[in-house]
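Numbering (the numbering used here), first residue to last: 1 to 265. Report on the structure given below.
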(Lines of atoms letter the chains of each structure in order from A and count residues from 1; the text may use other names and numbers.)
(Lines give C-alpha, C1' and ligand atoms only; values in the text may rest on other atoms or scores of the structure.)
Protein backbone atom coordinates (compact mmCIF):
# COMPACT_ATOMS: atom_id res chain seq x y z
CA UNK A 1 0.00 0.00 0.00
CA UNK A 2 1.40 3.40 -1.00
CA UNK A 3 1.96 6.22 1.48
CA UNK A 4 -0.92 8.16 -0.04
CA UNK A 5 -3.28 5.21 0.25
CA UNK A 6 -2.14 4.58 3.83
CA UNK A 7 -2.90 8.19 4.75
CA UNK A 8 -6.35 8.00 3.16
CA UNK A 9 -7.05 4.75 4.98
CA UNK A 10 -5.96 6.24 8.31
CA UNK A 11 -8.11 9.35 7.75
CA UNK A 12 -11.11 7.18 6.84
CA UNK A 13 -10.74 5.05 9.99
CA UNK A 14 -10.34 8.11 12.21
CA UNK A 15 -13.56 9.52 10.77
CA UNK A 16 -15.30 6.23 11.51
CA UNK A 17 -14.05 6.61 15.09
CA UNK A 18 -15.73 10.00 15.37
CA UNK A 19 -13.24 12.60 14.17
CA UNK A 20 -14.30 15.11 11.54
CA UNK A 21 -12.44 15.25 8.23
CA UNK A 22 -10.15 18.18 9.07
CA UNK A 23 -9.41 16.76 12.52
CA UNK A 24 -8.48 13.39 11.03
CA UNK A 25 -6.31 15.00 8.36
CA UNK A 26 -4.48 17.16 10.91
CA UNK A 27 -3.80 14.22 13.21
CA UNK A 28 -2.45 12.11 10.35
CA UNK A 29 -0.37 15.07 9.20
CA UNK A 30 1.14 15.58 12.64
CA UNK A 31 1.89 11.87 12.92
CA UNK A 32 4.24 12.31 9.95
CA UNK A 33 6.34 15.10 11.47
CA UNK A 34 8.02 15.69 14.82
CA UNK A 35 6.34 19.10 15.25
CA UNK A 36 4.58 21.55 12.97
CA UNK A 37 3.06 25.01 12.82
CA UNK A 38 -0.39 25.78 11.48
CA UNK A 39 1.17 26.94 8.21
CA UNK A 40 3.23 23.76 7.82
CA UNK A 41 0.31 21.55 8.77
CA UNK A 42 -1.93 23.31 6.26
CA UNK A 43 0.62 22.71 3.50
CA UNK A 44 0.95 18.97 4.11
CA UNK A 45 -2.74 18.27 4.74
CA UNK A 46 -4.55 20.72 2.41
CA UNK A 47 -6.60 21.85 5.41
CA UNK A 48 -7.21 25.63 5.31
CA UNK A 49 -4.91 27.34 7.80
CA UNK A 50 -7.81 28.99 9.62
CA UNK A 51 -9.40 25.56 10.12
CA UNK A 52 -6.18 23.98 11.39
CA UNK A 53 -6.49 25.84 14.69
CA UNK A 54 -10.06 24.61 15.21
CA UNK A 55 -9.10 21.05 14.38
CA UNK A 56 -6.05 21.07 16.65
CA UNK A 57 -8.13 22.51 19.49
CA UNK A 58 -10.48 19.54 19.28
CA UNK A 59 -7.58 17.06 19.02
CA UNK A 60 -5.92 18.62 22.06
CA UNK A 61 -9.15 18.33 24.04
CA UNK A 62 -9.29 14.64 23.17
CA UNK A 63 -5.73 14.05 24.30
CA UNK A 64 -4.41 13.32 20.83
CA UNK A 65 -2.30 16.44 20.22
CA UNK A 66 0.02 18.60 22.33
CA UNK A 67 0.44 22.35 21.84
CA UNK A 68 3.51 24.49 22.46
CA UNK A 69 2.40 28.07 23.10
CA UNK A 70 5.30 29.71 21.29
CA UNK A 71 5.18 32.21 18.46
CA UNK A 72 4.11 30.75 16.18
CA UNK A 73 2.40 27.93 18.04
CA UNK A 74 3.75 24.47 17.37
CA UNK A 75 1.83 21.22 17.50
CA UNK A 76 2.72 17.57 17.75
CA UNK A 77 0.76 14.35 18.01
CA UNK A 78 1.08 12.19 21.09
CA UNK A 79 2.99 8.90 20.56
CA UNK A 80 1.13 6.42 18.37
CA UNK A 81 0.63 3.84 21.13
CA UNK A 82 -0.75 6.55 23.42
CA UNK A 83 -3.08 7.82 20.70
CA UNK A 84 -4.47 4.40 19.87
CA UNK A 85 -5.09 3.62 23.55
CA UNK A 86 -6.88 6.96 23.95
CA UNK A 87 -9.05 6.30 20.90
CA UNK A 88 -9.77 2.75 22.07
CA UNK A 89 -10.90 4.04 25.46
CA UNK A 90 -13.12 6.68 23.86
CA UNK A 91 -14.65 4.14 21.50
CA UNK A 92 -15.26 1.66 24.34
CA UNK A 93 -16.84 4.41 26.42
CA UNK A 94 -19.26 5.17 23.57
CA UNK A 95 -20.15 1.49 23.29
CA UNK A 96 -20.75 1.29 27.05
CA UNK A 97 -22.96 4.40 26.93
CA UNK A 98 -24.92 2.96 24.02
CA UNK A 99 -25.40 -0.36 25.81
CA UNK A 100 -26.58 1.34 29.00
CA UNK A 101 -28.92 3.64 27.09
CA UNK A 102 -30.47 0.79 25.11
CA UNK A 103 -30.89 -1.33 28.23
CA UNK A 104 -32.79 1.53 29.91
CA UNK A 105 -35.04 2.06 26.89
CA UNK A 106 -38.59 0.79 27.39
CA UNK A 107 -39.59 -2.03 25.08
CA UNK A 108 -42.79 -1.81 23.05
CA UNK A 109 -44.41 -5.21 22.92
CA UNK A 110 -46.20 -6.14 19.72
CA UNK A 111 -49.77 -7.40 19.85
CA UNK A 112 -48.81 -10.08 17.34
CA UNK A 113 -47.97 -13.48 18.68
CA UNK A 114 -44.41 -14.48 17.88
CA UNK A 115 -44.04 -17.54 15.73
CA UNK A 116 -41.98 -20.48 16.93
CA UNK A 117 -40.63 -20.79 13.41
CA UNK A 118 -38.36 -17.89 12.61
CA UNK A 119 -35.97 -17.17 9.76
CA UNK A 120 -33.83 -14.05 9.75
CA UNK A 121 -31.16 -12.65 7.46
CA UNK A 122 -27.95 -10.80 8.29
CA UNK A 123 -24.77 -9.66 6.52
CA UNK A 124 -21.12 -9.07 7.36
CA UNK A 125 -18.52 -11.61 8.45
CA UNK A 126 -18.00 -10.00 11.86
CA UNK A 127 -21.71 -9.96 12.64
CA UNK A 128 -22.16 -13.54 11.42
CA UNK A 129 -19.15 -14.68 13.46
CA UNK A 130 -20.67 -13.06 16.55
CA UNK A 131 -24.00 -14.80 15.95
CA UNK A 132 -22.14 -18.08 15.43
CA UNK A 133 -20.39 -17.56 18.74
CA UNK A 134 -23.71 -16.91 20.49
CA UNK A 135 -25.25 -20.07 19.04
CA UNK A 136 -22.21 -22.11 20.08
CA UNK A 137 -22.42 -20.78 23.63
CA UNK A 138 -26.09 -21.82 23.81
CA UNK A 139 -25.38 -25.44 22.84
CA UNK A 140 -26.42 -28.04 25.43
CA UNK A 141 -26.13 -31.29 23.49
CA UNK A 142 -24.67 -31.16 19.98
CA UNK A 143 -22.89 -28.87 17.56
CA UNK A 144 -22.70 -29.73 13.88
CA UNK A 145 -20.59 -27.27 11.90
CA UNK A 146 -19.61 -27.45 8.24
CA UNK A 147 -17.02 -24.99 6.91
CA UNK A 148 -16.83 -24.29 3.21
CA UNK A 149 -14.00 -21.76 3.34
CA UNK A 150 -10.59 -21.95 5.04
CA UNK A 151 -10.75 -18.34 6.22
CA UNK A 152 -13.65 -19.13 8.54
CA UNK A 153 -11.51 -21.36 10.77
CA UNK A 154 -10.44 -18.42 12.92
CA UNK A 155 -8.58 -18.44 16.24
CA UNK A 156 -11.74 -17.17 17.92
CA UNK A 157 -13.87 -19.99 16.51
CA UNK A 158 -11.27 -22.56 17.55
CA UNK A 159 -11.19 -21.11 21.07
CA UNK A 160 -14.98 -21.19 21.36
CA UNK A 161 -15.20 -24.80 20.19
CA UNK A 162 -12.39 -25.95 22.46
CA UNK A 163 -13.91 -24.21 25.50
CA UNK A 164 -17.34 -25.80 25.10
CA UNK A 165 -18.92 -27.88 27.86
CA UNK A 166 -17.68 -31.47 27.88
CA UNK A 167 -21.23 -32.75 27.51
CA UNK A 168 -21.59 -31.10 24.10
CA UNK A 169 -20.64 -33.31 21.14
CA UNK A 170 -18.97 -31.52 18.24
CA UNK A 171 -19.02 -32.70 14.62
CA UNK A 172 -17.17 -30.55 12.11
CA UNK A 173 -17.19 -30.97 8.35
CA UNK A 174 -14.77 -29.41 5.90
CA UNK A 175 -14.98 -28.71 2.20
CA UNK A 176 -11.48 -30.11 1.60
CA UNK A 177 -9.12 -32.63 3.14
CA UNK A 178 -6.55 -29.93 3.87
CA UNK A 179 -9.12 -27.97 5.87
CA UNK A 180 -10.13 -31.14 7.69
CA UNK A 181 -6.50 -31.65 8.75
CA UNK A 182 -6.36 -28.10 10.08
CA UNK A 183 -9.57 -28.68 12.04
CA UNK A 184 -8.26 -31.95 13.49
CA UNK A 185 -5.08 -30.26 14.67
CA UNK A 186 -6.88 -27.23 16.11
CA UNK A 187 -9.87 -29.03 17.71
CA UNK A 188 -8.65 -32.55 18.55
CA UNK A 189 -11.76 -33.60 20.50
CA UNK A 190 -14.12 -32.96 17.59
CA UNK A 191 -15.33 -35.57 15.13
CA UNK A 192 -14.30 -34.39 11.66
CA UNK A 193 -15.18 -35.33 8.10
CA UNK A 194 -14.86 -34.09 4.55
CA UNK A 195 -18.29 -32.93 3.46
CA UNK A 196 -20.07 -34.92 0.78
CA UNK A 197 -22.05 -31.82 -0.19
CA UNK A 198 -20.41 -30.71 -3.43
CA UNK A 199 -22.05 -27.29 -3.36
CA UNK A 200 -19.81 -26.38 -0.43
CA UNK A 201 -16.88 -26.15 -2.83
CA UNK A 202 -18.47 -23.32 -4.77
CA UNK A 203 -18.57 -25.14 -8.12
CA UNK A 204 -21.55 -24.48 -10.38
CA UNK A 205 -23.26 -22.52 -7.63
CA UNK A 206 -26.13 -20.29 -8.70
CA UNK A 207 -25.32 -16.58 -8.75
CA UNK A 208 -21.64 -17.33 -8.16
CA UNK A 209 -22.09 -17.99 -4.44
CA UNK A 210 -20.35 -20.53 -2.23
CA UNK A 211 -21.46 -21.88 1.12
CA UNK A 212 -19.41 -20.34 3.91
CA UNK A 213 -20.64 -22.12 7.01
CA UNK A 214 -23.50 -24.35 8.05
CA UNK A 215 -24.15 -24.57 11.79
CA UNK A 216 -26.78 -26.71 13.48
CA UNK A 217 -27.00 -26.45 17.27
CA UNK A 218 -28.95 -28.99 19.32
CA UNK A 219 -30.89 -29.74 16.13
CA UNK A 220 -33.06 -26.73 16.92
CA UNK A 221 -31.14 -23.68 15.65
CA UNK A 222 -29.43 -23.29 12.30
CA UNK A 223 -27.25 -20.74 10.55
CA UNK A 224 -26.24 -20.98 6.88
CA UNK A 225 -24.00 -18.42 5.19
CA UNK A 226 -22.84 -17.80 1.65
CA UNK A 227 -19.72 -16.02 0.45
CA UNK A 228 -19.41 -13.97 -2.72
CA UNK A 229 -16.09 -15.16 -4.21
CA UNK A 230 -15.21 -11.89 -5.94
CA UNK A 231 -15.69 -9.67 -2.88
CA UNK A 232 -15.53 -12.02 0.09
CA UNK A 233 -18.85 -10.61 1.37
CA UNK A 234 -20.67 -13.02 3.65
CA UNK A 235 -24.46 -13.20 4.03
CA UNK A 236 -26.41 -15.55 6.25
CA UNK A 237 -29.83 -16.75 7.24
CA UNK A 238 -30.54 -18.34 10.59
CA UNK A 239 -33.57 -19.88 12.18
CA UNK A 240 -34.82 -21.48 15.37
CA UNK A 241 -37.65 -23.74 16.47
CA UNK A 242 -37.93 -27.49 16.06
CA UNK A 243 -40.48 -27.19 13.27
CA UNK A 244 -38.48 -24.66 11.25
CA UNK A 245 -38.20 -25.76 7.64
CA UNK A 246 -34.46 -25.10 7.48
CA UNK A 247 -33.88 -27.22 10.55
CA UNK A 248 -36.07 -30.03 9.25
CA UNK A 249 -34.01 -30.12 6.04
CA UNK A 250 -30.74 -30.18 7.97
CA UNK A 251 -31.94 -32.94 10.26
CA UNK A 252 -32.95 -34.97 7.21
CA UNK A 253 -29.49 -34.47 5.74
CA UNK A 254 -28.07 -35.88 8.95
CA UNK A 255 -30.47 -38.81 9.03
CA UNK A 256 -29.81 -39.68 5.37
CA UNK A 257 -26.06 -39.80 5.87
CA UNK A 258 -25.12 -36.80 3.73
CA UNK A 259 -23.57 -35.53 6.92
CA UNK A 260 -22.04 -38.21 9.12
CA UNK A 261 -23.48 -39.46 12.35
CA UNK A 262 -21.60 -38.62 15.51
CA UNK A 263 -19.90 -42.01 15.31
CA UNK A 264 -18.17 -41.06 12.05
CA UNK A 265 -14.50 -40.22 12.04
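We put the beta carbon where it would ideally sit given N, CA and C, even for glycine.
The beta strand (DSSP E) runs lying completely inside the region 134–221 and spanning 3 residues or more are 142–147, 169–174, 191–194 and 210–217, given in chain order.
Here residue 68 carries a strand assignment [DSSP, helix/strand/coil]. Close CB contacts of residue 168 within its chain, under the 8 Å cut and outside five residues either way in sequence, are with 139, 140, 141, 142 and 143 (chain order). Residue environment for residue 24: buried (at least 16 other C-beta atoms within 10 angstroms of its C-beta). DSSP links residue 223 through a beta bridge to 215 and 238. Residue burial is scored here from C-beta neighbours: residue 213 has at least 16 other C-beta atoms within 10 angstroms and is therefore classed as buried.
Restricting attention to alpha helix (DSSP H) runs no shorter than 4 residues, the region 33–88 encloses them at 38–45 and 49–61, ordered along the chain.
Residue 121 is bridged by DSSP to 237. Put simply, the backbone Cα of residue 232 is about 21 Å away from that of residue 158. For residue 3, the enclosing alpha helix (DSSP H) begins and ends at 3–16. Non-local C-beta neighbours of residue 234 in its own chain, meaning closer than 6 Å and more than five positions away in sequence, comprise 125, 128, 212, 225 and 227, ordered along the chain.
Fewer than three beta-carbon pairs drawn from the region 33–52 and the region 80–92 are found closer than 8 Å, and the two stretches are therefore not classed as touching. With contacts defined by Cβ atoms closer than 9 Å, residue 190 and residue 223 do not form a contacting pair.
At the C-beta level, residue 179 and residue 215 stay beyond 9 Å of one another.
In this structure, the CA atom of residue 120 is about 29 Å from the CA atom of residue 17. Going by DSSP, residue 20 is part of no alpha helix (DSSP H) at all; its letter is neither H nor E.
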